[in-house]
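> The structure is given below, and queries will be raised subsequently.
2 protein chains.
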Amino acid sequence: MGIDSTSAAHRPIGLFDSGLGGLTVLRELERLMPDERFVYLGDTARLPYGTKGAATITRYALECASFLLRHDIKALVVACNTASSIALSALREAMPCDVIGTIDPAVARAVAVTARGGIGVIGTDATIASGAYERAIAAIAPRCTVVSHACPLFVPVVEQGMFDGEIVDKIIELYLSKFDFTQIDTLILGCTHYPLLKSAIARYVGTSVTLVDSAYPIAHELGRILEESGRLAQRRVVRAPASFFVTDEVSRFNRLAALLLGKESVTAVRTEELADDITAEQSSSPDVTIQ
Amino acid sequence: MGIDSTSAAHRPIGLFDSGLGGLTVLRELERLMPDERFVYLGDTARLPYGTKGAATITRYALECASFLLRHDIKALVVACNTASSIALSALREAMPCDVIGTIDPAVARAVAVTARGGIGVIGTDATIASGAYERAIAAIAPRCTVVSHACPLFVPVVEQGMFDGEIVDKIIELYLSKFDFTQIDTLILGCTHYPLLKSAIARYVGTSVTLVDSAYPIAHELGRILEESGRLAQRRVVRAPASFFVTDEVSRFNRLAALLLGKESVTAVRTEELADDITAEQSSSPDVTIQ
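Read top to bottom, the protein sequences are chains A and B. Those letters in the first sequence? Residues 1 to 291, per my numbering, in order. Those letters in the second sequence? Residues 1 to 291, per my numbering, in order.
This is how it looks when you write it as structure tokens:
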């Protein structure tokens, strides 16, 4: 892409999600790439994405990406399976940097771990309706059989901070009882919110089913891309903390983000830039400085 | 307001909600005022409102109202308790027509029916945090005691079309077990989505608790206002069906709206006008024709 690798290395990596889910990806990125700087955007004012239509999701994804681009990112992680399923090609077309989605890395991992070739996929309404997982699996492992079901209440439950308990168990049963786990040995958690329900899901499916989420495969894939192009960040003496932006108010996000990331505190900045995106682009506003 | 009552009578009444909930109000308006024309807007691309912050909710409410104003409405029904709790005074300031919220009509009814003065209120996070019900009850019945609890999962459950069943019962128990129903004889369903859970809630609370929702009191209040100002619609030979607009895709809305309204079919039109609102206002776009 003709980017000077020396100057590119110090630029941050951008991630976006509708809300908290992408933090499960950020957590893994920070663990594997501690010298990188990250800019995270949670589009909490318009959350959830997964119950909405394809045109709406694509518009939101492009607006999130455009916001992160103004932070001079060297790579974009679409830390939202709904946006990855629906809008990945639109994002790749629009963005002048590498764009990593959640689908292919998780599919590669699921295909590697399945013993009998029976793969289950759970995700939002929009993700499952898109058929993105079926296509990705068929492309690299046409002999695998894939069964997928939407779990539309998982995101609101997680966004309420409910990760366990009787209601969570009931809702898991509502959706996962649709699978025949004698035929499936690998279950893809096809939404970045779902790893927050991992213990409860693992309890339901038992030890014969391997749960695969996108976080580690994405971090691994991004690390490979950056290393190959010489754009990995140099070792830092003082590590820069991630910057967090949300489109709704910060208090709930800060509290749950700190909990999920195991940090003492998280201080997100609220932005209204996405709402003004059309106007802002027309008047070509100056670049935003990272807070 | 200096409006010519003869010409005003034929103009439509506007309603908005984040999604389906306001249809419980529309249903009652159509029953009590069959000669009126209605324009309904469901802001489904940004739903739900109730878990979001006050500034975001106010912006969304003003954008919805502005959209309906371009349909030349004679009165605005804020068919969303969250918007009514947070943004009613901003809406009244911005709108050149009558604006009816959900809070006062339901409170007047609850105060009229309570035998012992113990009133419970359930609503979204934002509605309960606003304290709007406590203030409204204190203003007209200072001796009543009010206990309120947020039920943030009710809206996602209803928007999924789940109105009954084991999970609904568990979620109702999660929230309503916080009330001491020996002290409360009247429960305000402080969200226009909640009447869709009415049978399940009634089963939980039993016959000693009266459930009050906003739909009938709003329709009654609006009828009074229009009649007093001579702006009630004339009896029509052919009744005009309501017009429906949504900000996300139409399929799910059409299906559930038809079910809720007991109509054979509902044909909503998707609008992207709200997303462009800032730009649209600046360029003073021409009035929109009702479809």
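For each residue, glycine too, the CB sits at the ideal point set by N, CA and C. Small disclaimer: the values here were computed from a predicted structure and weren't measured.
At what residue ranges does the region 155–195 of chain B contain a whole run of the beta strand (DSSP E), taking only runs of 3 or more?
List check, beta strand (DSSP E) in window: 186–189.
> Given a threshold of 16 other Cβ atoms within 10 Å of its Cβ, counted over all protein chains shown, does R231/A qualify as buried or as exposed?
Buried, by the Cβ-count rule.
> For R46/A, return the contacting residues in chain B, with the cut-off set at a CB-CB distance below 8 Å.
Under the 8 Å cutoff, chain B gives A45, R46.
> Mind listing the chain B neighbours of T51/A? Cutoff is C-beta to C-beta under 9 Å, in chain order.
What T51/A touches in chain B: T44, L47, P156, E159, Q160, D248, R252.
> Identify every residue that forms a DSSP beta bridge with F253/B.
The partner list for F253/B (beta bridge, DSSP) is empty, contrary to what the question assumes.
> Helix, strand or coil, according to DSSP, for V209/B in the structure here?
It is coil, neither helix nor strand.
> For G21/A, which three-state DSSP category applies?
Correct three-state label for G21/A: coil.
> Check I73/B in the structure and name its three-state DSSP category.
Three-state DSSP puts I73/B in coil, outside helix and strand.
> According to the neighbour-count rule (16 or more other Cβ atoms, all chains shown, within 10 Å of its Cβ), is S18/A buried or exposed?
The residue in question, S18/A, is buried, as its Cβ has 16 or more Cβ neighbours within 10 Å.
> Consult DSSP for G216/A and reduce its assignment to one of helix, strand or coil.
Here residue 216/A turns out to be Tyr, not Gly, going by the sequence shown. Helix, per DSSP.
> Give every residue of the same chain whose Cβ lies closer than 6 Å to the Cβ of E272/B, excluding the five residues on either side of it in the sequence, and list them in chain order.
Same-chain partners within the cutoff: there are none.
> So, using beta-carbon positions, are I137/B and I122/B closer together than 8 Å?
Not a contact, by the Cβ cut-off of 8 Å.
> What residues in its chain sit with their C-beta under 8 Å from that of P125/B, if we drop five residues either side in the sequence?
Looking at the sequence shown, residue 125/B is not Pro but Asp. So the list reads G50, T51, A150, P152, once near-sequence residues are dropped.
> Mind checking if I172/B is an interface residue toward chain A, Cβ cutoff 8 Å exclusive?
By this cut-off, I172/B is not an interface position.
> Of the residues I184/B, R109/B, G206/B, R70/B, which one's Cα is nearest the Cα of R11/B?
The shortest C-alpha separation from R11/B is found at R70/B.
> So, are the CB atoms of A132/B and T186/B less than 8 Å apart?
No.
> For the alpha helix (DSSP H) containing A136/B, list its first residue and its last residue.
Per DSSP, A136/B belongs to the alpha helix (DSSP H) from 132–140.
> Please confirm if the region 198–211 of chain A is in contact with the region 225–245 of chain A, defined as three or more CB-CB distances below 8 Å between the two stretches.
Contact fails: fewer than three Cβ-Cβ distances are below 8 Å.
> Put Y204/B into one of helix, strand or coil per three-state DSSP.
In this structure, Y204/B counts as helix in the three-state DSSP scheme.
> Taking the alpha carbon of T115/B as the point to measure from, which residue in R143/B, I128/B, G53/B, K74/B has its own alpha carbon closest?
In the sequence on display, residue 115/B carries Ala and not Thr. Among R143/B, I128/B, G53/B, K74/B, the Cα nearest to that of A115/B belongs to R143/B.
> State the start and end residues of the unbroken alpha helix (DSSP H) segment that holds A233/B.
Premise fails: A233/B is in no alpha helix (DSSP H) and is neither H nor E.
> What span of residues does the alpha helix (DSSP H) with S89/A cover, start to end?
Unbroken alpha helix (DSSP H) run through S89/A: 81–94.
> For I167/B, go through chain A and note every residue whose CB falls closer than 7 Å to its CB, in chain order.
Within 7 Å Cβ-Cβ: K170, I171, L174.
> Near A141/A, what residues of its chain come up, given a Cβ to Cβ distance below 6 Å and the 5 sequence neighbours on each side ignored?
Excluding residues within five positions, the ones whose Cβ falls inside 6 Å are V111.
> Could you check how far apart the C-beta atoms of A215/A and D164/A are, in whole angstroms? I think they sit under 8 Å.
With a Cβ gap of about 19 Å, A215/A and D164/A do not count as contacting.
> How about L88/A and H220/A: are their beta carbons less than 8 Å apart?
For L88/A and H220/A, no; Cβs fall outside 8 Å.
> Please state whether DSSP places R270/B in a helix, a strand or coil.
R270/B: strand per DSSP, three-state reduction.
> How would you call I13/A, buried or exposed, if buried means at least 16 neighbouring beta carbons within 10 angstroms?
I13/A should be labelled buried.
> So with Cβ pairs under 8 Å, would you call T56/B a contact of chain A?
Answer yes: the Cβ-Cβ gap between T56/B and chain A drops below 8 Å somewhere.
> Does any residue of chain B bring its CB to less than 8 Å from the CB of L62/A?
So no, L62/A is outside the interface.
> Which residues in chain B sit within 9 Å of L153/A, going by Cβ to Cβ distance?
Chain B residues near L153/A: L153, P156, V157, Q160, M162, I167.
> Could you round the C-beta distance between V212/B and V113/B to whole angstroms and report it? I think they count as a contact, below 8 Å.
V212/B to V113/B, Cβ: 7 Å. Contact.
> Is the region 58–69 of chain B close to the region 50–66 of chain A, with three or more CB pairs under 8 Å?
No, because fewer than three Cβ pairs between the region 58–69 of chain B and the region 50–66 of chain A fall closer than 8 Å, the two stretches do not touch.
> Could you spell out the range, first to last residue, of the beta strand (DSSP E) harbouring A108/A?
Counting along the chain, A108/A falls outside any beta strand (DSSP E), though it belongs to the alpha helix (DSSP H) covering 103–113.
> Leaving aside the five residues before and after L260/A along the sequence, list all residues of the same chain whose C-beta is less than 8 Å from its C-beta, in chain order.
L20, L23, T24, R27, L196.
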